[in-house]
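Student: Note that UniProt numbering has the sequence shown beginning at 1, numbered continuously upward. Glycine residues also receive a C-beta, built at the ideal position from the N, C-alpha and C atoms. Since the structure is predicted, the reported quantities are computational estimates derived from the model, not experimental observations. Structure in structure tokens, see below.
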Amino acid sequence: MAKQKIKQSKDQPVNKKIEELEPDKEQSTGQFLTTNQGVKVNDDQNSLKGGERGATLLEDFILREKITHFDHERIPERIVHARGSGAHGVFKLYEPLDKYTKAHFLNDMTAETPVFVRFSTVAGSRGSTDLARDVRGFAVKFYTQEGIFDLVGNNMPVFFIQDAIKFPDLVHAVKPEPDNEIPQAASAHDTFWDFISLMPESAHMIMWLMSDRAIPRSYRMMEGFGVHTFRFINEKGEASFVKFHWKPLLGVHSVAWDEAQNISGKDPDFHRRDLWEAIESGAFPEWELGVQIVPEADEFKFDFDLLDATKIIPEELVPVKRIGKMTLNRNPDNFFAETEQAAFHVGHIVPGIDFTNDPLLQGRLFSYTDTQLIRLGGPNFHEIPINRSIVPVHNNQRDGYMRQQINKGKSSYNPNSLGNGDPIQAKASEGGFASYQERIDAKKVRARSKSFFDHFSQARLFFNSQSDPEKNHLIDAFSFELGKVKTVAVRQRMIGILSLIDKGLASEVAYALGLKVPQKPEQPINHSIPADGNAADYQPTQVESSLARSEALSMKNTVKDRIISRKIAFLVADGVNAQSINNMKTALVSEGAVVHIIAPRLNAVVSMDGEEVPVDESFLTAASVLYDAVYVPGGTNSVATLEAEANAVHFLNEAFKHCKAIAADEQAIQVLEATYFANKLPADFSEETILAEGVAVSSDQKKLARLFIKAIALHRFWEREKPRQVPA
Ligand code: HDE
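And the structure:
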């Protein structure tokens, strides 16, 4: 098991981007308060008045400046992905990729490329909860030696729609309904499912959205995907197709839906806090960058179209090659200046990387600059410190709101002779970007390729690849979301769509909704057809996937051998056995976990030996949904108090319900016996049973710690949900 490396965020070597940001930083320590014009302020408590009780004078430039600036503090939030959190880090390459791409940062083994990453939810507003059932954004800005490369991805590898022209419709459908602006940060409402039920192309993405991937345990435990197929271009000008993946070294883990809903109340900043605290404590999140490379000659080898963003390339068909590692090791100094003002754009690419004709990608290439113009207020958003390239920018673009750069000289045009012809174009051999010369010989049409018409085979592949608990969660999620839909016809239409993915799934959801699966499911009528189109020509095609399952699609197969940064609750009261705390704490902390002592009240409890044991949280401020596992140490009086303390019993009940690892010193077994799962306690506490059921009790503290650590690493004991009726 990996030992935690303690490397404090502030001790990290300064990377090139951090260095570049330094001159823009302000620190007020020991300084006088000034106006924005640098004039020292003498009284920041009272406005200037005509007499002590008189009217305020217009002349008060200090008051006016302060209030005016305040009035203009807000900028529009992002239309989608409004809620997010960012962090700085670095990317290091494992091996040069010269065979495929000439991109410098993917070839130079000595390069440490600075990155800024922003994770986000999609639907909710800036202040919404982190634990909404939603897609997560995973946007990475690489500050390379050849300019900025943005990999603007999500934590799901496919998308709802195939053509960018449908994006405003999708977003209008999922955002709060326009009459009453309900619901916030949720897809469980009529307009969303109305749209989805009429857009069979969303079937695959809907499976991901209803899966546990939509409720991650942490941003640090999510995969990331570039979604579209991009192109790599090597020095010789040869192209290959590429899909980008981020693989988290902590594994891919999620919470339970009931837990997600609870966290939203207890700590709406759960993911934001988790990322911040992990980085502050030196448990730096890490991902490997993976690529799936398809030779250009193999473009038509698959039973799906590489240009269709509703399809994955199963890892069984093209393995993911891990080419480097990203480490996030520094929190921003200022949320607004860095995270909020970060402007990502899928069109920011460097030589060696290029686009494909994926119609979703092509539309995005327009949208991201356009949106920054309104959000950040003009065309100079690239000059905002977080967005600045670490290599110099020279061109003939001039002026505009908030221009920072002071361009010298007379000429701002090309060709010019007055400026010596500068700045000059770079040859491809000098690093100049030259677009890939794709051959195009086509009619100008508004159309969708027939190769995009299989909407169900990969949705089915996804479902078939899930473990039983994951399948149950999908059924429950569909039942919940469609249960929130008021229009029965929409629910019924969705049952029709589900029946084309999997009959069992459709009938379970239909049962929950009190509906019937149509005997012969009507072929869903694809409503995204042009006015003059013939509906029959737009029917989805029924294709069987060449694969029965894909292991990479199930979280069951993820990394489960480490507990770094996992949060463990210790429930204690006066009279606790300090030894029983310390032995377990030492063992957990040495594996990188974080321990919180939780007691009936704050400050400290007194151990059975009269020692003061500091308390981190009380039962009032803590909740089991904020922890990964629970331990109850021994000590007769402590145990007696906890057994009679409803909050402690509830804490354990909830942890059990959410399938978490639970451990108790043998002396504390009576606390477990006070819970609702007392009659479900394992018959024995052998290693095998503990690792199967996730409840460990022992008087041997070393053994207990060893098994508890293994159990925490397993993340959840979903089998406990059988027969899917666990009370709180
Ligand atoms: Fe975005 N998307 N998107 N998107 N997207 C935005 O840009 C858009 C899509 C993604 O942390 C906006 O700066 C269109 C796919 C992320 O700042 C906007 C289409 C994927 C972020 C926009 C898509 C994404 C955005 C809103 C369909 C995964 C947050 C604010 C053609 C590959 C970046 C902004 C951050 C943000 C448009 C589809 C990922 C409006 C038109 C597919 C991670 O420009």
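Excluding the five sequence neighbours on either side, which residues of its own chain have a C-beta within less than 6 Å of the C-beta of residue 135, listed in chain order?
Tutor: Along the sequence shown, one-based indexing puts residue 135 at 135. Same-chain partners within the cutoff: 122, 154 and 156.
Student: Counting pairs of Cβ atoms below 8 Å between the stretch 561–578 and the stretch 484–497, do you hit three or more?
Tutor: no
Student: Report the residue from 359, 705 and 348 whose alpha carbon sits nearest the alpha carbon of residue 306.
Tutor: Along the sequence shown, read from residue 1 onward, the residue named residue 306 stands at position 306. The option with the nearest alpha carbon to residue 306 is 359.
Student: Taking 6 Å as the cut-off, does the CB of residue 344 come closer than this to any heavy atom belonging to ligand 1?
Tutor: The residue you call residue 344 lines up with position 344 of the sequence shown. Flag set: Cβ of residue 344 near ligand 1.
Student: May I ask you to verify whether the stretch 543–559 touches the stretch 454–474, counting CB pairs closer than 8 Å and requiring at least 3?
Tutor: Segments in contact, yes.
Student: Enumerated in chain order, which unbroken segments of the beta strand (DSSP E) with a length of 3 residues or greater are wholly contained in the stretch 633–711?
Tutor: Listed in chain order, the complete beta strand (DSSP E) runs (minimum 3 residues) inside the stretch 633–711 are 661–665 and 695–698.
Student: When DSSP builds the beta bridges, which residues end up paired with residue 326?
Tutor: Locating residue 326 in the sequence shown gives position 326, where the first residue counts as 1. Its beta-bridge partners are 91 and 287.
Student: Tell me whether residue 405 is buried or exposed, calling it buried when 16 or more other Cβ atoms sit within 10 Å of its Cβ.
Tutor: Here the question's residue 405 lines up with position 405 in the sequence shown. Looking at its Cβ environment, which holds fewer than 16 other Cβ atoms inside 10 Å, residue 405 is exposed.
Student: Among 666, 654 and 668, whose alpha-carbon lies nearest the alpha-carbon of residue 676?
Tutor: Locating residue 676 in the sequence shown gives position 676, where the first residue counts as 1. The shortest Cα separation from residue 676 among 666, 654 and 668 belongs to 654.
Student: Take residue 728 and list the residues in its own chain whose beta-carbon comes closer than 7 Å to its own, dropping the five residues that flank it on each side.
Tutor: By one-based count along the sequence shown, residue 728 stands at place 728. Because residue 728 carries a pLDDT of 48, less than 50, the predicted location of this residue cannot be relied on, and the following value inherits that uncertainty. Only 653, 654 and 657 meet the Cβ criterion.
Student: Restricting to runs no shorter than 4 residues, where is the alpha helix (DSSP H) found entirely within the stretch 160–197?
Tutor: 167–174 and 190–197
Student: With a 10 Å radius around its C-beta and 16 neighbouring C-beta atoms as the bar for buried, classify residue 642 as buried or exposed.
Tutor: As a working note, residue 642 is residue 642 in the sequence shown. With 16 or more Cβ atoms within 10 Å of its Cβ, residue 642 is classed as buried.
Student: What does DSSP give as the partner residues of residue 112 in its beta bridges?
Tutor: On the sequence shown, residue 112 is found 112 positions in, with the first residue counted as 1. DSSP output for residue 112 lists 92 as bridge partner(s).
Student: Using C-beta distances below 8 Å, list every residue in its chain close to residue 672, excluding the 5 sequence neighbours before and after it, in chain order.
Tutor: Position 672 of the sequence shown holds residue 672. Around residue 672: 632, 652, 662, 664, 678, 681, 695 and 697.
Student: Please work out which residues of its chain come closer than 6 Å, Cβ to Cβ, to residue 143, disregarding the five sequence neighbours upstream and downstream, and give them in chain order.
Tutor: On the sequence shown, position 143 is the one that residue 143 refers to. Closer than 6 Å at Cβ, skipping near neighbours: 17, 114 and 390.
Student: Is residue 308 closer than 7 Å to residue 452 when the C-beta atoms are compared?
Tutor: Residue mapping note: residue 452 aligns to position 452 of the sequence shown, counting from 1. Residue mapping note: residue 308 aligns to position 308 of the sequence shown, counting from 1. In this structure, residue 308 lies closer than 7 Å to residue 452 by Cβ.
Student: Report yes or no: do the stretch 217–224 and the stretch 170–186 share at least 3 C-beta pairs separated by less than 8 Å?
Tutor: no
Student: Using the Cα positions of residue 15 and residue 230, report the straight-line distance between them to the nearest angstrom.
Tutor: Along the sequence shown, read from residue 1 onward, the residue named residue 15 stands at position 15. Along the sequence shown, read from residue 1 onward, the residue named residue 230 stands at position 230. Computed Cα separation, rounded: 28 Å.
Student: Where DSSP assigns a beta bridge to residue 154, which residues make up the other side?
Tutor: For the purposes of this step, residue 154 is taken as residue 154 along the sequence shown, with counting starting at 1. DSSP output for residue 154 lists 137 and 225 as bridge partner(s).
Student: Counting C-beta neighbours from all protein chains within 10 Å, is the total for residue 625 16 or more, i.e. buried, or is it exposed?
Tutor: The count along the sequence shown starts at 1 and reaches residue 625 at position 625. With 16 or more other Cβ atoms within 10 Å, it is buried.
Student: Can you confirm whether the stretch 376–392 touches the stretch 337–346 when touching is taken to mean that 3 or more C-beta pairs between the two stretches lie within less than 8 Å?
Tutor: The stretch 337–346 is in contact with the stretch 376–392.
Student: With DSSP as the reference, please indicate the residues paired to residue 301 in a beta bridge.
Tutor: Taking the first residue of the sequence shown as 1, we reach residue 301 at position 301. In the DSSP output, where bridge partners are listed per residue, residue 301 has none listed.
Student: Can you give me the C-alpha to C-alpha distance between residue 470 and residue 554, rounded to a whole angstrom?
Tutor: Taking the first residue of the sequence shown as position 1, residue 470 is located at position 470. Taking the first residue of the sequence shown as position 1, residue 554 is located at position 554. Roughly 8 Å between the two C-alpha positions.
Student: Using the Cβ count rule (16 or more neighbours within 10 Å means buried), how would you classify residue 331?
Tutor: Within the sequence shown, residue 331 is the residue found at index 331, counting from 1. Classification of residue 331: buried, given that the 10 Å Cβ count is 16 or more.
Student: Keeping to the same chain, check which residues put their C-beta closer than 7 Å to that of residue 375; ignore five residues upstream and five downstream.
Tutor: Within the sequence shown, the letter at position 375 stands for residue 375. So the list reads 75, 76 and 78, once near-sequence residues are dropped.
Student: What is the rounded straight-line gap between the Cα of residue 447 and the Cα of residue 539?
Tutor: Reading the sequence shown from its first residue, position 447 is the one you call residue 447. Reading the sequence shown from its first residue, position 539 is the one you call residue 539. Residue 447 and residue 539: Cα-Cα distance of roughly 14 Å.
Student: Looking at the strands, I want to know which residues DSSP matches up with residue 613.
Tutor: The count along the sequence shown starts at 1 and reaches residue 613 at position 613. Partner(s): 605.
Student: Let me check understanding here. Comparing Cα to Cα, which of 62, 13 and 317 lies closest to residue 33?
Tutor: Along the sequence shown, one-based indexing puts residue 33 at 33. Closest by alpha carbon: 62.
Student: Rounded to the nearest angstrom, how far is the Cβ of residue 670 from that of residue 634, given a contact under 8 Å?
Tutor: Looking up residue 670 in the sequence shown gives position 670. Looking up residue 634 in the sequence shown gives position 634. Contact doesn't hold; Cβ gap of about 11 Å is too wide.
Student: Rounded C-beta distance between residue 124 and residue 82? I'm assuming under 8 Å.
Tutor: In the sequence shown, residue 124 corresponds to position 124, counting from 1. In the sequence shown, residue 82 corresponds to position 82, counting from 1. Sure, about 7 Å apart at Cβ, within 8 Å.
Student: Among the candidates 213, 436 and 566, whose CA atom is the shortest distance from the CA of residue 592?
Tutor: Against the sequence shown, residue 592 aligns to sequence position 592. Among 213, 436 and 566, the Cα nearest to that of residue 592 belongs to 566.
Student: By Cβ distance below 7 Å, which residues in the same chain neighbour residue 259 in space, the five residues on each side in sequence not counted?
Tutor: What you label residue 259 is simply residue 259 of the sequence shown in a count that begins at 1. Closer than 7 Å at Cβ, skipping near neighbours: 625 and 658.
Student: Taking only three categories from DSSP, how would you classify residue 319?
Tutor: Position 319 of the sequence shown, counted from the first residue, corresponds to residue 319. Residue 319: coil per DSSP, three-state reduction.
Student: Using a 10 Å radius around the Cβ and a threshold of 16 neighbouring Cβ atoms, would you call residue 501 buried or exposed?
Tutor: Mapped onto the sequence shown, residue 501 falls at position 501. Classification of residue 501: buried, given that the 10 Å Cβ count is 16 or more.
Student: Does DSSP classify residue 23 as helix, strand or coil?
Tutor: For the purposes of this step, residue 23 is taken as residue 23 along the sequence shown, with counting starting at 1. The answer is helix: DSSP assigns residue 23 an H, G or I state.
Student: Mind reading off the beta-carbon distance from residue 292 to residue 227? Whole number of angstroms is fine, and I expect it under 8 Å.
Tutor: Locating residue 292 in the sequence shown gives position 292, counting from the first residue. Locating residue 227 in the sequence shown gives position 227, counting from the first residue. Not really, about 12 Å apart at Cβ, beyond 8 Å.
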